[in-house]
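A.B. asks: The number in the numbering used here is simply the position in the sequence shown, starting from 1, with 15 added.
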Amino acid sequence: MGQQSTGQLDTVMQESRVFPPTAEASARARIKSMAEYQKLWDEAAADPAGFWAKLAKEELHWFEPFTQALKWNEPHAEWFVDGKTNASYNCLDKHVAEGRGDKVALIWEGEPGEKRQYTYAELLREVSKFANVLKSLGAKQGDVVSIYMPLTPELVIAMLACARIGAIHSVIFAGFSSEAVADRNNDAKAKIQITADAGYRRGTVLALKQTVDAALAKSPTVEKCVVLSRVNEAVNMQEGRDFWWHKLMAEASDDCPATPLDSEATLFILYTSGSTGKPKGIRHTTAGYNLFAKKTFEWVFDWQENDVYWCTADCGWVTGHTYVTYGPLSAGATVLLYEGAPNFPHEGRFWELIERYHVTLFYTAPTAIRAFMKWGDHHVEKYDLSSLRVLGTVGEGINPEAWMWYHRKIGGERCPIVDTWWQTETGGIMMSPLPGATPTKPGSCTMPLPGVIPQIVDSTGAEVDATHGGWLTIAHPWPGMLRGIWGDEERYKEVYWEKVPGKYLAGDNARRDADGYYWIMGRIDDVLNVSGHRLSTIEIESALVSHPSVAEAAAVGRPDPLKGEAVAVFVTLRGAEPSEELRKELIKHVRNQIGALAQPDDVRFTGTLPKTRSGKIMRRLLRDIAAGKETVGDTTTLEDYSVLAQLRTEDE
Numbered sequence: 016m017g018q019q020s021t022g023q024l025d026t027v028m029q030e031s032r033v034f035p036p037t038a039e040a041s042a043r044a045r046i047k048s049m050a051e052y053q054k055l056w057d058e059a060a061a062d063p064a065g066f067w068a069k070l071a072k073e074e075l076h077w078f079e080p081f082t083q084a085l086k087w088n089e090p091h092a093e094w095f096v097d098g099k100t101n102a103s104y105n106c107l108d109k110h111v112a113e114g115r116g117d118k119v120a121l122i123w124e125g126e127p128g129e130k131r132q133y134t135y136a137e138l139l140r141e142v143s144k145f146a147n148v149l150k151s152l153g154a155k156q157g158d159v160v161s162i163y164m165p166l167t168p169e170l171v172i173a174m175l176a177c178a179r180i181g182a183i184h185s186v187i188f189a190g191f192s193s194e195a196v197a198d199r200n201n202d203a204k205a206k207i208q209i210t211a212d213a214g215y216r217r218g219t220v221l222a223l224k225q226t227v228d229a230a231l232a233k234s235p236t237v238e239k240c241v242v243l244s245r246v247n248e249a250v251n252m253q254e255g256r257d258f259w260w261h262k263l264m265a266e267a268s269d270d271c272p273a274t275p276l277d278s279e280a281t282l283f284i285l286y287t288s289g290s291t292g293k294p295k296g297i298r299h300t301t302a303g304y305n306l307f308a309k310k311t312f313e314w315v316f317d318w319q320e321n322d323v324y325w326c327t328a329d330c331g332w333v334t335g336h337t338y339v340t341y342g343p344l345s346a347g348a349t350v351l352l353y354e355g356a357p358n359f360p361h362e363g364r365f366w367e368l369i370e371r372y373h374v375t376l377f378y379t380a381p382t383a384i385r386a387f388m389k390w391g392d393h394h395v396e397k398y399d400l401s402s403l404r405v406l407g408t409v410g411e412g413i414n415p416e417a418w419m420w421y422h423r424k425i426g427g428e429r430c431p432i433v434d435t436w437w438q439t440e441t442g443g444i445m446m447s448p449l450p451g452a453t454p455t456k457p458g459s460c461t462m463p464l465p466g467v468i469p470q471i472v473d474s475t476g477a478e479v480d481a482t483h484g485g486w487l488t489i490a491h492p493w494p495g496m497l498r499g500i501w502g503d504e505e506r507y508k509e510v511y512w513e514k515v516p517g518k519y520l521a522g523d524n525a526r527r528d529a530d531g532y533y534w535i536m537g538r539i540d541d542v543l544n545v546s547g548h549r550l551s552t553i554e555i556e557s558a559l560v561s562h563p564s565v566a567e568a569a570a571v572g573r574p575d576p577l578k579g580e581a582v583a584v585f586v587t588l589r590g591a592e593p594s595e596e597l598r599k600e601l602i603k604h605v606r607n608q609i610g611a612l613a614q615p616d617d618v619r620f621t622g623t624l625p626k627t628r629s630g631k632i633m634r635r636l637l638r639d640i641a642a643g644k645e646t647v648g649d650t651t652t653l654e655d656y657s658v659l660a661q662l663r664t665e666d667e
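#1: Please report the distance separating the alpha-carbon of Ser244 from that of Cys271.
#2: Check the DSSP bridge columns for Gln470 and list the partner residues they point to.
#3: Looking at C-beta atoms only, is the number of pairs between the stretch 307-316 and the stretch 207-217 that lie closer than 8 Å three or more?
#4: At a Cβ threshold of 8 Å, is Arg217 touching chain B?
#5: Using the beta-carbon count (16 or more within 10 Å), is Thr349 buried or exposed?
#6: Let's see if you can read the secondary structure: which residues bound the alpha helix (DSSP H) around Gln225?
#7: So within the stretch 27-69, which uninterrupted beta strand (DSSP E) runs reach at least 3 residues, ignoring any that extend past its ends?
#8: Can you grab the Cα-Cα spacing for the pair Val160 / Gly153, in whole Å?
#9: Taking the runs of the beta strand (DSSP E) that are 3 residues or longer, which of them lie wholly in the stretch 313-362?
#10: Whole angstroms is fine: what's the gap from Glu354's alpha carbon to Phe307's?
#11: What does the Cβ neighbour count give for Pro576, buried or exposed, with the cut at 16 atoms within 10 Å?
#12: Considering only C-alpha positions, which residue in the set Lys631, Ile640, Gln438 is nearest to Arg619?
#13: Taking three-plus beta-carbon pairs below 8 Å as touching, is the stretch 246-263 in contact with the stretch 451-460?
#14: Are Ala102 and Ala44 close, meaning C-beta to C-beta below 8 Å?
#15: Report the rounded CA-to-CA distance for Ala356 versus Val339, giving the unit in angstroms.
#16: On the DSSP bridge assignment, give the partners of Tyr519 in chain order.
#17: CB-CB under 8 Å to Arg506, same chain, minus the five flanking residues each way: which ones, in chain order?
#18: Would you identify the three-state DSSP class for Lys631, choosing helix, strand or coil?
#19: Tell me whether the stretch 190-197 and the stretch 220-238 touch, counting them as touching only if at least three CB pairs, one residue from each stretch, are closer than 8 Å.
#20: For Ser244, does the three-state DSSP call read helix, strand or coil?
#21: Return the Cβ separation of Gly485 and Ile471 in integer angstroms, given the expectation that the two are a contact with Cβ distance under 8 Å.
#22: Please look up how many angstroms separate the CB atoms of Arg638 and Gly531, rounded, as I've assumed it's under 8 Å.
#23: One question on the structure: do Lys144 and Ala229 come within less than 8 Å of each other, judged by their Cβ atoms?
#24: Within 10 angstroms of its Cβ, does Ala529 collect 16 or more other Cβ (buried), or is it exposed?
#25: I need the DSSP call for Phe145, collapsed to helix, strand or coil.
#26: By the three-class DSSP mapping on this structure, what secondary structure does Met496 have?
#27: Sort Gly412, Thr226, Lys155, Met536 by Cα distance to Phe191 and report the nearest one.
#28: May I ask you to report which of helix, strand or coil DSSP gives Lys599?
#29: For Ile162, which three-state DSSP category applies?
#30: In its own chain, which residues sit with a C-beta less than 7 Å from the C-beta of Thr291, not counting the 5 before and 5 after it?
#31: Indicate the three-state DSSP secondary structure (helix, strand or coil) for Gly17 in the structure shown.
#32: DSSP three-state call for Phe620: helix, strand or coil?
#33: Can you tell me which residues form a DSSP beta bridge with Ile284?
#34: Alpha carbon to alpha carbon, how far is Cys240 from Thr435? Give it in angstroms, no decimals.
#35: Per the DSSP calculation, Ile209 is bridged to which residue(s)?
#36: Is it buried or exposed for Gly65, if we count other Cβ within 10 angstroms and need 16 for buried?
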C-alpha cells in the first residue's frame with residue numbers, strides 16, 4: 016500500500032463534538048475571536064522574524080538592543096542578534112522597577128502543609144542573595160549548576176539565581192537514581208550541585224542528599240554542593256565540599272545586579288530520556304526562550320493581572336521551567352507551587368488547594384486527569400472549584416473521554432480547556448486553543464499559535480492530504496526552539512533536521528481535519544502496521560478509555576506472521592475486575608468505536624502501566640513485553656520498576 020512506503024497514517028477516530036468559547040470568556044480575553052487570531056497568525060506567518068522582533072522590543076528589558084531579529088543557518092538559529100538581556104531581570108527587577116514589587120509572586124504549600132509566600136521584591140532579594148552565594152562558591156558565567164531538589168521556593172530561587180549571573184542550570188527531577196544524576200552531571204560537566212537533605216512524597220521522606228552523595232562519588236567535575244535543610248534530617252556533610260543553604264544565605268549580600276547576557280547565552284540544559292533511549296541535554300538560550308515563554312503563557316492562559324495560576328508540573332521537567340518559572344514570572348503572575356503528590360494525604364488534595372487559594376488558571380497532565388477519574392468524582396465534589404476560569408493539559412494527547420470529564424467535573428462546563436502541544440525541544444507551547452477565541456474539540460490541540468508554522472508530511476517530505484496523518488514538522492524557526500544537544504552536534508542534526516530537510520521534525524505523528532484542527536497521533540515510533548494499514552496508538556487507546564470500566568490504556572504492536580503486527584493493549588481498570596467477559600467486551604467496544612481493523616488481538620489487564628517520572632507511558636517497554644523480549648534501553652526514568660516484573664509475571 017502507498018501509505019506504508021511514504022509514512023502516511025490511516026486515521027480511524029472520529030470526533031465531532033465542538034465547544035465554542037463562552038461569551039464571557041471572549042469578552043475579557045486578550046484575543047477575542049477567531050478573526051482576531053487569524054489576523055495575528057497571518058501577520059506572523061507573513062514575516063515571522065519581524066513579528067517576533069516587534070514583540071521582543073515591547074516585552075523584554077534590554078541592556079543593549081539587538082541589531083538583527085533572526086540569523087538562520089540551518090540547523091542553527093540566532094534570535095535577536097547582538098542584544099543583551101537577562102531572564103532573571105525580566106522575571107523580577109522589571110516588575111519591581113515598574114512599581115509591582117508588593118505583588119505576590121509565589122505562593123507555596125509543602126506536602127505536610129507548611130505555607131509561605133513571596134512578593135516580587137522579596138523574591139528579588141532572595142534570588143540576589145543566592146546569586147552571590149553561587150559567586151562565592153566560584154560559579155562563573157557559562158558554568159553548569161546541577162539542581163536536584165524538591166519543589167520548594169528555593170528550587171525556583173536557584174534557577175533564577177543561575178540565570179542572574181549567567182550560570183547554566185541543569186535541573187534533575189528529585190526522584191532520579193544516583194546513576195541518572197551522575198550521568199547528567201558528567202555529560203554537562205557540572206561544577207556545582209544544589210540539593211536538599213530530603214523531600215516529601217506521599218508522606219515518605221526521600222533521602223535526596225544520600226542519593227546526591229552516591230552521584231557525586233561518580234561526578235568528578237562537581238566541586239561544591241549546597242544543601243537545603245528541608246526536613247531537618249541529619250546528613251553526611253563533607254568538609255570543604257558541602258555547605259548548608261541557610262548558613263551561606265545568612266552571610267550573603269542581597270545586592271547582585273543582573274549580568275547583561277548575550278541573547279544567545281545558554282540559559283539552561285534539560286535532559287530528556289525515557290521513551291527515547293539515551294538521555295540528551297536539550298540546550299535553550301536566553302532572549303528567544305524568555306520571550307516565547309512569556310507570550311505563550313499570556314496567550315494560551317489568557318493571563319490577567321489578578322489571576323492565581325497553578326501548573327502542577329515539577330521544575331525537573333520543561334513545563335516547570337517554562338510555565339512555573341520563566342513564563343508566568345516574566346508576565347508578573349501570581350504562581351502557586353505545591354510540593355507533594357495529588358493523592359496525599361487524600362485524593363482530593365488538588366481540589367482542596369484550588370479552593371483554598373482561589374486558583375483561576377489550572378494546568379496539569381492527562382495522566383493525572385485519568386487518575387482523578389479512577390479515584391472517583393466524590394473527591395472532587397467536596398470542594399468549591401468556582402474560582403477556576405481556564406483549564407489546561409500538557410505532556411501528551413488527552414483522550415476525548417478524559418477531556419469531557421475534565422470539562423464537566425473540574426470546569427463545571429464553563430471553563431475553556433487549552434489542550435497544549437509542545438515539547439522540551441520547542442521551549443514553549445506551539446499549538447493550543449485560545450480561551451476566548453477557539454472553539455474546542457475534545458482531544459485536539461486545535462491550531463498553531465502566532466509565529467508557529469506546522470506542516471504534516473510523509474517520509475519524502477511531501478505534505479499529506481486531509482484524509483491522512485503523517486509526520487509533524489515545523490517549517491520556520493521560532494524563538495523558543497532548542498539550539499542544540501549539549502555536546503552532541505551530530506545527534507542534534509540527525510534527530511531533528513536530516514529526515515526532512517529544511518524543517519524541524521517533531522517526532523510526533525499528526526493529522527489535520529477538514530476544519531484545519533490538528534490532532535496528535537502519538538510518537539512516530541508508536542505506529543502499528545496492521546495488514547498494511549498504519550494506525551496510531553492514541554486512537555486505539557482513546558477508544559478503550561471511552562469504555563466506563565477503563566482508567567488507562569496503552570496500545571502497542573507485536574510481531575504477527577499474518578498481519579505483520581497484531582494489536583496488543585495493556586489496560587488498567589476503574590470500578591471493575593478483570594475477566595474473560597470484560598476482555599471480550601473491550602475488543603468488541605474498540606471494533607464498534609473505530610472498526611475491525613483496529614480491534615485488539617491481546618488485552619492484558621494490569622494494576623499500573625510503566626511510566627516515566629513525568630507521567631508518559633513507556634510504550635517501548637510494553638512492546639518488548641508484548642513480543643516476549645527482554646527489556647532493553649534506558650530505564651532511568653521509570654516510575655516503578657516493579658511494574659515490569661509484575662507485567663512479566665502476569666504474562667507468564
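Glycine is no exception: its CB is placed at the ideal position from the N, C-alpha and C atoms.
Bear in mind that the values here come from a model prediction, so they are computed numbers and not experimental data.
C.D. replies: Taking the geometry as given:
#1: 24 Å
#2: According to DSSP, which records beta bridges pairwise, Gln470 is partnered with Thr488.
#3: no
#4: Of the chains in the structure shown, none is chain B; there is only one protein chain.
#5: buried
#6: 223-231
#7: none
#8: 11 Å
#9: 323-326, 349-353
#10: 26 Å
#11: Here Pro576 is exposed, its C-beta having fewer than 16 other C-beta atoms within 10 Å.
#12: Distances from the CA of Arg619 to each of Lys631, Ile640, Gln438 were compared; the closest alpha carbon is that of Ile640.
#13: no
#14: no
#15: 17 Å
#16: Ile489
#17: Lys295, Ile500
#18: The three-state secondary structure of Lys631, taken from DSSP, is coil.
#19: yes
#20: coil
#21: Rounded, the Cβ-Cβ distance is 5 Å, consistent with contact.
#22: In fact, because the Cβ distance is near 33 Å, the residues do not count as touching under 8 Å.
#23: Remark: C-beta atoms of Lys144 and Ala229 do not approach each other more closely than 8 Å.
#24: Ala529 is classed as exposed because its beta carbon has fewer than 16 other beta carbons within 10 Å across all chains shown.
#25: helix
#26: coil
#27: Thr226
#28: helix
#29: strand
#30: Confidence at Thr291 is low in this model, with a pLDDT of 44, below 50, so its placement is unreliable and the value that follows should be read with caution. Nothing listed; no residue qualifies.
#31: Caution is warranted here: a pLDDT of 35 is assigned to Gly17, below 50, making its placement in the model unreliable, and the coordinate value is therefore given only provisionally. Here Gly17 sits in helix by DSSP.
#32: Residue state for Phe620 is assigned as strand, using DSSP reduced to three classes.
#33: Ser185, Arg298
#34: If I take the Cα positions, the gap works out to 37 Å.
#35: Ile162, Val241
#36: exposed
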